[in-house]
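Trainee: In UniProt numbering, the protein residues as written are 1 to 144.
C-beta: ideal position from N, C-alpha, C; glycine also.
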Amino acid sequence: MKSRPSPSCSDFGSESSEPDSKAPEKFESATRRRMAANARERKRMQGLNTAFDRLRKVVPQWGQDKKLSKYETLQMALSYIVALNRILTDTRRPAAPHRQWLDLQLDVMQPESYSCLMRYEHPAGQEYVHSSFPYEFDGHHVHA
DNA sequence: TAGGCCATCTGGTCCT
DNA sequence: AGGACCAGATGGCCTA
């Protein structure tokens, strides 16, 4: 898959000249535990990455080509939740038109919360922002 | 080539 | 004691 930095745990077994008779066993046991811990940590991180992938799928994407980084994913999720929350609150008031709904989202997306995404900035500026929120509203896909 | 992002290893800390 | 979680270090890959 990706990078695999020099497996220093394999170096673990390379120095095996201990005078103490119990030392080799102790060393092997320590090596085994370390390797087991590494495996668990790998598995844990894979679980975390799976969770990030699932989050990426439900969070709005700014351009389909580029995968959001972990940090960007969290920022986007945060903004998304806040936006949805405001929508929920707002719909209790009389008729919020679609346009208002869109503006709402941009309102919530404070610059500091999406500045990390500015590399996707489009020449069309604000227009692009409006057209790049592919979530659904009221059964309609909002991607005008 | 520098900088960003990532995977992995590792040692420390906390919890069961 | 052993597992889960975390943060720092390290090194690889990719892009501007």
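Determine the burial state of Val58: buried for a count of at least 16 other Cβ atoms within 10 Å of its Cβ, exposed for fewer.
Mentor: So Val58 counts as exposed.
Trainee: The alpha helix (DSSP H) with Ser79 in it runs from where to where?
Mentor: Lys70 to Asp90
Trainee: If we count the other Cβ atoms within 10 Å of its Cβ and call it buried at 16 or more, is Leu68 buried or exposed?
Mentor: buried
Trainee: Kindly indicate which three-state DSSP category Val59 falls into: helix, strand or coil?
Mentor: coil
Trainee: Is it buried or exposed, Met45, if we count other Cβ atoms within 10 angstroms and call 16 or more buried?
Mentor: exposed
Trainee: Are the beta-carbon atoms of Thr31 and Leu55 separated by less than 8 Å?
Mentor: no
Trainee: Going by DSSP in three states, Lys67 sits in which element: helix, strand or coil?
Mentor: In the structure shown, Lys67 sits in coil (DSSP, three-state: anything other than H, G, I, E or B).
Trainee: Quick check: the Cα distance between Gly83 and Leu48, rounded to an integer number of angstroms?
Mentor: For the record, residue 83 in the displayed sequence is Ala; it is not Gly. About 25 Å.
Trainee: Going by other Cβ atoms of all chains shown within 10 Å of its Cβ, with 16 needed for buried, is Ser79 buried or exposed?
Mentor: buried
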